[in-house]
Structure formats: C-alpha cells, structure tokens
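Peer 1: Take the sequence shown: its letters are residues 1 to 206, numbered as in full-length UniProt numbering. Glycine is no exception: its CB is placed at the ideal position from the N, C-alpha and C atoms. Dropping a structure here in structure tokens format, bear with me for questions.
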Amino acid sequence: MILVNAEINQEGLTIGQLVSNNAQGAALGAQQWVETMGDTGNYVELVGAPSDNNAATRSNGYMTVLSQYPDLVQVGSEVANWDRTQGYDKMQALMQANPDIQGVISGNDEMALGAIAALQEAGKLEGVIVGGFDGSPDAVEAVKAGTMAYTVLQPVAVFSAEAIKQVDAYLTNGSTGVDSEKQLFDCLLITKDNVDKYTGPFTLSE
1 MILVNAEINQ EGLTIGQLVS NNAQGAALGA QQWVETMGDT GNYVELVGAP SDNNAATRSN
61 GYMTVLSQYP DLVQVGSEVA NWDRTQGYDK MQALMQANPD IQGVISGNDE MALGAIAALQ
121 EAGKLEGVIV GGFDGSPDAV EAVKAGTMAY TVLQPVAVFS AEAIKQVDAY LTNGSTGVDS
181 EKQLFDCLLI TKDNVDKYTG PFTLSE
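Here it is in structure tokens:
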C-alpha cells in the first residue's frame with residue numbers, strides 16, 4: 001500500500017507516504033498574507049477538522065509566522081471542518097462578534113471561499129485580505145478575480161506521478177528506490193502574479 005496526500009503516524013504499514021509539506025506551506029502562506037495585509041490589524045482564523053493532523057499543522061505554521069507581529073491581533077478563531085458552508089456560517093458569526101476585521105487566514109480553500117461569500121454578502125470584502133490553502137480550481141478563480149489574495153498549492157499532481165513511479169519500481173524490483181517511507185513535497189504559492197501559470201488541477205507550470 002502507498003498513501004498519497006494522507007499520512008499515518010505509524011511507519012512500516014505502507015511502502016510510502018507521499019504528502020504535502022504542510023508546515024512549510026503554512027509558513028509560506030502566512031508570510032504572503034502578512035506581506036499583503038501589512039503588519040498591523042485585526043484578523044480571524046478558520047481551522048480545519050480537529051481529527052485531521054493537517055489542521056493543527058497548518059494552524060501552528062501560521063502562528064509561527066504571525067506571532068512575530070505583535071500588532072496583528074487574532075480577534076477570533078473558529079473550527080469550520082474544511083467545509084465551505086461552515087466557513088460561511090462561522091465567518092458570519094465572527095463578523096457579528098468583531099465588526100472590525102481586516103484579514104482572514106484559512107486552513108483550506110473551501111473555508112476561505114465560504115468566508116469570502118459571507119464578506120461579500122455583508123458588503124465587507126473590500127479591504128479584507130483572505131488567504132487559502134490547497135490550490136483548488138475554485139480558489140484559483142478567486143485569486144484571478146481578486147477576492148482571494150493567494151492560495152497555497154499542494155503539489156498533488158507532482159507526488160501522484162511520483163507515487164506511480166514508486167509503485168512500478170516496487171512491483172518490478174521489490175523496492176520503491178526511496179530511502180524514506182514518509183516523503184514531504186514542498187508547497188507553492190499562487191498569487192495574482194503567477195496565477196496564469198496554473199495549467200490544470202493542482203498543477204503550476206514553471
């Protein structure tokens with residue numbers, strides 16, 4: 001068995017675990033978010049499902065960067081379970097509790113897109129910086145439209161192709177040819193400056 005874009009804590013049960021480097025991707029996204037937002041203002045965070053290790057990894061990665069900016073104040077954080085509808089609902093609640101929000105940092109694109117819909121409906125999207133994570137086609141369209149500042153691309157196409165090579169090697173030679181079972185692939189940033197290089201689902205051309 002080989003795992004693609006999923007990981008388990010125990011090693012030795014699979015011939016390979018090929019996953020996005022979520023900590024690196026979160027730091028990359030948070031740095032871009034600060035660059036776009038500036039180093040002062042109120043923001044909220046939308047967090048993925050607590051049962052998924054990636055939710056904590058991404059949130060912690062964001063905090064590693066954002067904690068360096070004392071004038072960036074997190075006024076709210078909500079679990080929206082990777083879901084667009086929950087992102088919309090939680091963003092509405094966050095806006096009611098905190099009318100003065102300048103930024104939203106989200107654990108994935110779906111929650112970010114829900115937040116954008118809520119902000120648009122309230123007439124508050126202009127001037128609010130929203131960042132996502134995944135590099136989904138809908139998020140890329142939002143980056144093109146200027147409603148999402150950026151998304152962090154998980155290089156799924158890259159490690160899916162690599163997984164096929166490793167399975168083939170394992171079936172042919174009895175080994176994947178790779179030393180480590182758990183293999184991390186660095187994420188990439190998609191912004192308005194390079195969004196035109198997004199050539200297919202989860203694929204960014206050089």
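Taking the alpha carbon of Leu66 as the point to measure from, which residue in Glu35, Lys90, Asp100 has its own alpha carbon closest?
Peer 2: The residue with the shortest Cα to Cα distance from Leu66 is Glu35.
Peer 1: According to DSSP, which residues form a beta bridge with Glu192?
Peer 2: According to the sequence provided, residue 192 is Lys. The question's Glu does not apply to it. Answer is none; Lys192 lacks a bridge partner.
Peer 1: When you compare the CB positions of Gly87 and Ala115, do they come within less than 9 Å of one another, or not?
Peer 2: Yes, these two residues count as a Cβ contact at 9 Å.
Peer 1: Indicate the three-state DSSP secondary structure (helix, strand or coil) for Leu13 in the structure shown.
Peer 2: Correct three-state label for Leu13: coil.
Peer 1: Which partner residues does Tyr43 have in the DSSP bridge list?
Peer 2: Gln74, Gly103.
Peer 1: Would you mind working out which of Asp196, Ala139, Phe133, Phe202 sits nearest Gly107, comparing C-alpha positions?
Peer 2: The shortest C-alpha separation from Gly107 is found at Phe133.
Peer 1: What is the DSSP secondary structure of Asp179, reduced to helix, strand or coil?
Peer 2: DSSP places Asp179 in coil when its eight states are reduced to three.
Peer 1: Leaving out five residues before and five after Thr172 in sequence, what residues of the same chain have Cβ atoms less than 6 Å from its Cβ?
Peer 2: There are no such residues.
Peer 1: From what residue to what residue does the beta strand (DSSP E) around Leu3 run?
Peer 2: Looking at the DSSP string, the run of the beta strand (DSSP E) that includes Leu3 is 2 to 4.
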